[in-house]
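*Asks:*
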Amino acid sequence: MRPRCADRLRAGPFSIVLVARLLLAAIFVVAGVGKLARRDRTEATLAKFGVGAALRRPLAIALPLAELAIALGLLPAATAPWAGLGAFLLLAAFTVGVARVLRSGEEVECNCFGALAPSHVSRWTLARNVALMALAGFVAVAGWSEPGPGALAWIGDLDATAAVGILAGLALLAAAVNLAFSWQLMKQNGRLVAELAAVAADGPGASGGGAPRGLPVGELTPGFALPTLDGDVVELDELLDDGRGLILFFSDPGCGACEPLLAEVARLQRDPLADPRPVVISLGEPAAVAAKAAQHELGPVLLLDDFERARALGINGFPGALVLDREGRVAGEPAVGSTAVAPLLAASAEPLRLVQVGGSG
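Just so you know, the sequence shown maps onto residues -15 to 345 in our numbering.
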């Protein structure tokens, strides 16, 4: 006699539904923990997805907590179908947002798994979400009739072969996580190498052959949304609201070549006539950035979590600067190194000097 469908679903200690539940729970745990670890990045992503400013901060906390709650609900057999339904609905909401971003053509960071696996929204993101929706739907539908055993109940039924298989799977998972973190570390080291290269290029006898390439002059700068030290998220359009151009000043708490310029940056930030006005965008840990901002009495500092964003604008080291006109278009070539950035800051103060000279006559 052929086994019934329900019998096949619960055959052996590893029922198909149980495996699906454990896989889905693991994915939601990684996603939830990753988002909680970098709430600033989560807020910036929510801003790109069109979430209003008032909702970004609470959602940056509620969203990963919901993912962790779903993961927990997938473990007991009694709550697994409901958790599967919750996972399906949450993934459906994500998928709608991803489809909307893809249709707009805007480049948005996914932040699906936080700092563990940073990536941009792509068709792969959409395909992955659809696959996870199918998995969650299977857990929700099949779970009503045969949810499988509890997440821990099957351990006592394992034979030696199954136990070895599980240990091997856990070892592979640990290796994958370690590889992901190692990749992030390599990217950070690459940022430090770029900074050292910029400092070296700033020294005596340096040539301009290594000048960075960014967006063409006159091109509209892609919009961005970056968190501040206070946790707010600021968009490029907001920075341009006062009718002045911008000097995007890229820095890092460990950048020695940035020190001589930060005092002038702070002075120009307080100057209502400085045009373009400098806006500090800093890499590094928020605590170190906050200490540097307090030391130099800087205005609001935007936090940059990925050096690739700076590279896209032609900034390959620190200090770096890019001038935007009042419409947000690139007004000049990107500058890297203190000798290249200092003239841009001096030009920002020129309108003030002209007003003072004119007023004294």
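Just so you know, even glycine gets a beta-carbon here, dropped at the ideal spot from N, CA and C. Because the structure is a prediction, the values reported are computed rather than measured.
Where do the N-terminal and C-terminal ends of the alpha helix (DSSP H) with F233 fall, by residue?
*Replies:* Element bounds for F233: not the alpha helix (DSSP H) but the beta strand (DSSP E), L230 to S235.
*Asks:* Can you give the Cα-Cα distance for G89 and A83, rounded to whole angstroms?
*Replies:* One C-alpha to the other measures close to 10 angstroms.
*Asks:* Grab me the residues of A55's own chain with a C-beta within less than 6 angstroms of its C-beta, minus the 5 sequence neighbours each way, in chain order.
*Replies:* So the qualifying residues of the chain are A9, F12 and V13.
*Asks:* Rounded to whole angstroms, what is the Cα-Cα separation between R22 and F208?
*Replies:* Taking the straight line from one Cα to the other gives about 17 angstroms.
*Asks:* Report yes or no: do three or more beta-carbon pairs, one from the stretch 241 to 251 and one from the stretch 55 to 67, lie closer than 8 angstroms?
*Replies:* Contact fails: fewer than three Cβ-Cβ distances are below 8 angstroms.
*Asks:* By Cβ distance below 8 angstroms, which residues in the same chain neighbour R107 in space, the five residues on each side in sequence not counted?
*Replies:* So the qualifying residues of the chain are L86.
*Asks:* Taking 7 angstroms as the limit between beta carbons, can you name the residues of its chain near D216, skipping five residues before and five after?
*Replies:* Same-chain partners within the cutoff: there are none.
*Asks:* For A296 and Q279, what's the separation of their Cα atoms in angstroms?
*Replies:* Cα to Cα, A296 sits roughly 29 angstroms from Q279.
*Asks:* Return the bridge partner residues of A305 from the DSSP annotation.
*Replies:* For A305, which the question treats as bridged, DSSP gives the partners F233 and A319.
*Asks:* Please name the residue or residues paired with E219 in a DSSP beta bridge.
*Replies:* E219 pairs with A209.
*Asks:* Can F302 and D255 be called in contact, C-beta distance under 8 angstroms?
*Replies:* Not in contact: F302 and D255 (Cβ atoms no closer than 8 angstroms).
*Asks:* Consult DSSP for S106 and reduce its assignment to one of helix, strand or coil.
*Replies:* DSSP places S106 in coil when its eight states are reduced to three.
*Asks:* Could you check how far apart the C-beta atoms of G127 and V264 are, in whole angstroms? I think they sit under 8 angstroms.
*Replies:* 51 angstroms between Cβ atoms; not a contact.
*Asks:* Have a look at F346 and A120 and give me their C-alpha separation to the nearest angstrom.
*Replies:* No answer is possible for residue 346: it lies beyond the span of the chain, which begins at -15 and ends at 345.
*Asks:* Which partner residues of P262 appear in the DSSP bridge assignment?
*Replies:* Its beta-bridge partners are I231.
*Asks:* Nearest-angstrom Cα distance between A71 and A4?
*Replies:* The alpha-carbon atoms of A71 and A4 are separated by roughly 12 angstroms.
*Asks:* Measuring straight from C-alpha to C-alpha, what distance separates L110 and A258?
*Replies:* Roughly 44 angstroms between the two C-alpha positions.
*Asks:* Which one of D309, S332, T79 and A50 has the shortest CA to CA distance from F33?
*Replies:* Answer by Cα proximity: T79.
*Asks:* Where G46 and L52 are concerned, what is the direct C-alpha to C-alpha distance, given to the nearest angstrom?
*Replies:* For the record, residue 46 in the displayed sequence is Ala; it is not Gly. Distance between the alpha carbons of A46 and L52 is about 10 angstroms.
*Asks:* With 16 as the cutoff for other CB atoms within 10 Å, does V273 come out buried or exposed?
*Replies:* Label assigned to V273: buried.
*Asks:* Just list the residues that DSSP pairs V285 with in beta bridges.
*Replies:* Per DSSP, V264.
*Asks:* Going by beta carbon distance, what residues of the same chain come within less than 7 angstroms of P327, once the five residues before and after it are set aside?
*Replies:* So no residue of the chain qualifies.
*Asks:* Cutting at 6 angstroms between CB atoms, please list the residues of its own chain near G283, excluding the five before and the five after it.
*Replies:* Same-chain partners within the cutoff: Q253.
*Asks:* Taking all protein chains shown into account, do 16 or more other C-beta atoms lie within 10 angstroms of the C-beta of A315, making it buried, or fewer, making it exposed?
*Replies:* So A315 ends up on the buried side.
*Asks:* Within 10 angstroms of the Cβ of V285, are there 16 or more other Cβ atoms? Answer buried if so, exposed if not.
*Replies:* V285 should be labelled buried.
*Asks:* Which of the three DSSP states is assigned to G193 in this structure?
*Replies:* At G193, the pLDDT of 39 sits below 50, so the modelled position is not reliable; the number obtained from the coordinates is stated separately. Looking at G193 - three-state DSSP - the assignment turns out to be helix.
*Asks:* Secondary structure at V125, three-state DSSP: helix, strand or coil?
*Replies:* DSSP places V125 in helix when its eight states are reduced to three.
*Asks:* Using the Cα positions of F291 and V218, report the straight-line distance between them to the nearest angstrom.
*Replies:* Using only the alpha carbons, I get a separation of about 18 angstroms.
*Asks:* Give the range of the alpha helix (DSSP H) segment to which T29 is assigned.
*Replies:* R23 to K32 is the extent of the alpha helix (DSSP H) around T29.
*Asks:* Could you work out which residue in G227, S(-1) and A275 is closest to L246 when comparing CA atoms only?
*Replies:* That would be A275, whose Cα lies nearest to the Cα of L246.
*Asks:* Can you check which of these residues, A15, A31 and A37, is closest to L49 by C-alpha distance?
*Replies:* That would be A15, whose Cα lies nearest to the Cα of L49.
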